[in-house]
Amino acid sequence: AAVASTAAARRAAVIVAHRGASAYAPENTIAAFRLAARQGADRFELDVRQTRDGRLVLMHDATLTRTTNAERVLPGRAPWRVRDLTLAQIRKVDAGSWFAARYRGERVPTLGEVLRAMRGRGMGLLLEIKDPARQPGIEARVAAELRRDPFWLAPGRLTVQSFDWVSMRRFHRLLPRVPIGLLGTPAPARLAGLARFADQINVPYRHLGAAYVRRVHRLHMQVLAWTVDDPRAIRRLLSYRVDGIITNRPRAGIAAARWG
Ligand code: G3P
Ligand code: CA
Numbered sequence: 063a064a065v066a067s068t069a070a071a072r073r074a075a076v077i078v079a080h081r082g083a084s085a086y087a088p089e090n091t092i093a094a095f096r097l098a099a100r101q102g103a104d105r106f107e108l109d110v111r112q113t114r115d116g117r118l119v120l121m122h123d124a125t126l127t128r129t130t131n132a133e134r135v136l137p138g139r140a141p142w143r144v145r146d147l148t149l150a151q152i153r154k155v156d157a158g159s160w161f162a163a164r165y166r167g168e169r170v171p172t173l174g175e176v177l178r179a180m181r182g183r184g185m186g187l188l189l190e191i192k193d194p195a196r197q198p199g200i201e202a203r204v205a206a207e208l209r210r211d212p213f214w215l216a217p218g219r220l221t222v223q224s225f226d227w228v229s230m231r232r233f234h235r236l237l238p239r240v241p242i243g244l245l246g247t248p249a250p251a252r253l254a255g256l257a258r259f260a261d262q263i264n265v266p267y268r269h270l271g272a273a274y275v276r277r278v279h280r281l282h283m284q285v286l287a288w289t290v291d292d293p294r295a296i297r298r299l300l301s302y303r304v305d306g307i308i309t310n311r312p313r314a315g316i317a318a319a320r321w322g
């Protein structure tokens with residue numbers, strides 16, 4: 063279930079821009095995804111949550127507090143939880159100026175907008191569903207949004223991942239041809255069972271060793287390591303033969319992962 067990429071074929075592993083090129087642009091915004099494409103990332107990663115009125119938006123945290131100016135724009139007090147707000151309310155906040163003044167005016171995008179904006183830009187998508195246990199129905203909504211935009215359902219363009227492995231088994235039943243990533247470090251004894259529906263094990267990089275990568279590979283799954291910005295750590299992970307590096311700095315990741 064590897065994402066095919068000519069660029070990736072020239073290097074040792076695919077480079078995934080974590081929340082976009084989030085070291086240089088506000089995370090989970092279209093600006094960060096466009097910058098990731100310009101930096102040459104093979105894929106971009108994003109985080110999906112559900113609003114009170116059942117719309118899908120991009121936000122890493124459960125609240126708007128860290129990455130927007132909600133305190134200036136929305137009534138009430140912190141924390142401004144995505145699941146307590148409507149899309150119309152979330153659209154009022156600015157998701158760029160907290161990062162740098164030049165990004166003022168970036169909005170919290172919907173998943174649909176990102177699928178449309180990034181289609182045909184040469185990057186694959188690693189789509190994370192956040193906290194599905196607290197957002198009933200989110201898997202079906204994500205699946206419906208993807209069915210509306212079949213570009214992303216073509217082989218090799220998309221992986222869906224979550225820390226919630228039960229949710230990912232559910233998602234696999236909804237869209238069986240979409241590769242599934244499991245976030246975390248499953249115990250080796252569990253890997254064979256998880257391989258029945260998963261294609262990737264996406265591991266915090268400090269936990270990773272060569273023996274674990276070999277075990278996952280023997281079960282025909284891939285290993286992606288997150289979130290790695292240090293070139294020396296990237297090179298160490300490549301020596302373990304990981305299949306991908308999830309990084310906030312795609313340009314630096316690409317330089318570190320170049321063959322030779
Ligand atoms: O893709 C890996 C990574 O995104 C998981 O952690 O907290 O950054 O969503 P987090
Ligand atoms: Ca994520």
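Quick note: the sequence shown, position 247, residue 309 per mature numbering (1 follows the signal peptide of the UniProt record, and there is no 0), numbers continuous. The beta carbon of each residue, even a glycine, is placed where N, CA and C say it ideally should be. Only a predicted model underlies this, so the values are computations on that prediction, with no experimental measurement involved.
The residue from 255, 289 and 199 with its alpha-carbon nearest to that of residue 282 is 255. In this structure, the CA atom of residue 240 is about 8 angstroms from the CA atom of residue 217. Under the 10 Å beta carbon count, residue 196 is surrounded by fewer than 16 other beta carbons and is classified as exposed.
Here residue 228 is exposed: its Cβ has fewer than 16 other Cβ atoms, across all protein chains shown, within 10 Å.
With a threshold of 16 other beta carbon atoms within 10 Å, residue 104 meets it and is buried.
Distances from the CA of residue 92 to each of 123, 315 and 179 were compared; the closest alpha carbon is that of 179.
If you draw a 10 Å sphere on the C-beta of residue 224, you find 16 or more other C-beta atoms in it, and that means buried. Check the Cα spacing between residue 305 and each of 130, 212, 287 and 148: the tightest is with 287. Counting along the chain, residue 137 sits inside no alpha helix (DSSP H), nor does DSSP assign it H or E at all. Taking 7 angstroms as the cut-off, one finds at least one heavy atom of ligand 2 near enough to the beta carbon of residue 122. With respect to the 8 angstroms criterion, residue 120 and residue 198 are not classified as neighbours on the basis of their beta carbons.
One alpha carbon belongs to residue 81, the other to residue 95, and they sit about 8 angstroms apart.
By alpha-carbon distance to residue 207, the top candidate from 226, 245 and 237 is 237. A Cβ-Cβ separation of about 19 angstroms leaves residue 109 out of contact with residue 131 under the 8 angstroms criterion.
Sequence-distant Cβ neighbours of residue 259 in its own chain, meaning closer than 8 angstroms and more than five residues away, are 230, 231, 234 and 242. Near ligand 2, meaning a Cβ closer than 5 angstroms to any of its heavy atoms, lie the following residues in chain order: 109 and 190.
When DSSP states are grouped into helix, strand and coil, residue 288 belongs to the strand group. Looking at 307, 153 and 253, the one whose alpha-carbon comes closest to that of residue 291 is 307. Taking residue 84 as reference, the option from 211, 266 and 97 with the minimal CA-CA separation is 97.
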